Amino acid sequence: MTIGEALITKKIIAYSFKDLMKNKDFHKISITEIMAHADLRRQTFYDYFTDKYDLLAWIYNQEFTENVWHFLDYEHWTKVLPRILHYFKKNKLFYQKILILNEQNSFDQFFQQHTKEVLVKFLTSNLVKTEKKSRLNNMLISIH
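Quick note on our numbering: the sequence shown kicks off at 525 and runs consecutively.
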């Protein structure tokens with residue numbers, strides 16, 4: 525299987541999961557149900573993901589990268605910020621449901637860490653002039 529085919533398969537699984545999340549809560553959706561909805565074998569899920577939490581992280585990483593991350597290096601922050609807000613508005617119900625999960629592998633921990641990384645990149649590459657970067661870096665390091 526090529527990289528492109530693997531990406532398509534992952535996107536089909538992700539779409540099926542997100543579609544099921546419109547009407548069901550995270551814990552009520554099984555891997556079997558996701559894969560039946562995707563019209564794929566159950567084992568195919570485990571070829572790409574370890575569990576539903578891994579799928580959640582992949583969905584966020586993939587969609588955020590496609591919709592926001594790729595633009596951080598060359599678009600002005602005034603264009604990137606509305607893109608971020610649009611992404612979350614478009615996916616509001618999905619994120620409302622998954623951010624309430626409070627477990628060992630819960631998505632909110634992953635989300636917080638990733639949001640911090642995006643914020644640091646956003647601030648250091650778009651908002652801050654070179655001479656102010658060291659002060660900002662020191663401030664961000666102290667937050668750790």
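By construction, the Cβ of each residue, glycine as well, lies at the ideal position given by its N, Cα and C atoms. Values in this document were obtained by computation on a predicted structure and should not be read as measured data.
The alpha-carbon separation between residue 630 and residue 526 amounts to approximately 31 angstroms. DSSP, read as helix, strand or coil, puts residue 564 in coil. Of the candidates 576, 571 and 572, 576 places its Cα closest to the Cα of residue 557. Note that the C-beta distance between residue 561 and residue 580 is not below 8 angstroms.
Going by DSSP, residue 599 is part of no alpha helix (DSSP H) at all; its letter is neither H nor E. Comparing alpha-carbon positions, the option among 645, 626, 619 and 624 lying closest to residue 587 turns out to be 619.
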